[in-house]
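Notes follow the structure.
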Amino acid sequence: MARKFLIGGNWKCNGTRENVAALVEVLNEGGEFPDNAEVVVAPPSIFLQTVKDTIRPDIKVSTQNVGKNVRPGAYTGELCASMIKDFGVEWVITGHSERRVGFGCAGESSDLIAEKSKVALDCGLNVIMCIGESLAVREANQTLELVLEDHMAAFLKTLEEADWSRVVVAYEPVWAIGTGVTASPAQAQEVHSAIRAWVGEKVSPAVAESLRIIYGGSVKSSNAAELATCPDIDGFLVGGASLKPDFVDIIKAVEGK
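Quick note: the sequence shown uses my numbering, first residue -17, plus one each step.
Dropping the structure here:
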């Protein structure tokens, strides 16, 4: 089965009205995108309306988070899944390492992230579920133990087999996010292959074959094409480079892969 690349741009907490408009213009004028690529951008929630109303129709919009509450209510600062769905946004990101770390506080647990992902899926949204290890975990040779037996296992407890058709798993080694250090294609492929094998064993071979597993961690136009040749890398979740014209080059780097 040929899996369509997904190229996601996580804008994080960046932007002004002026530079968001400029970035949308760059994307709108970026020319034809590869047929084998699906593009999703995740602006800060304050810019969701602007981006959704002005970006080209072949680029979908995502929120950077979703609450665990299904319906609106007394949840200050949260975006509930039904509101996101009603707004016409099709995607959400869950479990990004910056939320797991918690900006200096306890952060979100794997179980909470799994719960939020399930709520979003039940509301008809598509979910980019992020997983990944710190440098300390990698140096201790515990990457697969954490990524599979903690992060992925939490999803397994919550998700039903049918849910996986609207899931994208984003493997983002924390030591490569915003550091300029990228996992080598071999390092990334090793983890992606292990994730796919684990899903094949724990969920089903069919789900494993169709599941898109994308890579995030200092992806740039200079390394995107090589990463895209790895058989188990099905796209990218791009941070800093998604705020630059370079993002168009990253999208086009998967042409013919």
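Don't be surprised by glycine CBs; every beta carbon is placed ideally from N, CA and C.
**Prompt:** Where does N1 sit, in a helix, a strand or coil, going by DSSP?
**Reply:** In the structure shown, N1 sits in a helix (DSSP, three-state: H, G or I).
**Start-to-end residues for the alpha helix (DSSP H) that takes in E191** = P187 to S192 is the extent of the alpha helix (DSSP H) around E191.
**Request:** Take the Cβ of R82 as the centre, count every other Cβ of all protein chains shown within 10 Å, and call the residue buried at 16 or more, exposed below.
**Result:** Label assigned to R82: buried.
**Item:** Best match in T76, A3, L9 and F15 for proximity to E234 [C-alpha to C-alpha]
**Value:** Reading off the sequence, residue 234 comes out as Lys, not Glu. Residue F15 is the option with its Cα nearest to K234.
**Message:** Rounding to the nearest angstrom, what Cα-Cα distance links V119 and V129 in this structure?
**Reply:** Those two C-alpha atoms are separated by around 10 angstroms.
**Message:** For a test of the three-state rule: what should DSSP assign to T36, helix, strand or coil?
**Reply:** For T36, the secondary structure class from DSSP, reduced to helix, strand or coil, is helix.
**Message:** Once DSSP output is grouped into helix, strand and coil, what is the label at V52?
**Reply:** V52: coil per DSSP, three-state reduction.
**Request:** Kindly indicate which three-state DSSP category V156 falls into: helix, strand or coil?
**Result:** Correct three-state label for V156: helix.
**Asked** Cα-Cα, which of K34, G89, I41 and K98 is closest to V52?
**Response** Checking every option, the nearest Cα to that of V52 belongs to K98.
**Item:** Inter-residue Cα distance where the pair is P54 and A179
**Value:** Approximately 38 angstroms, taken between the alpha carbons.
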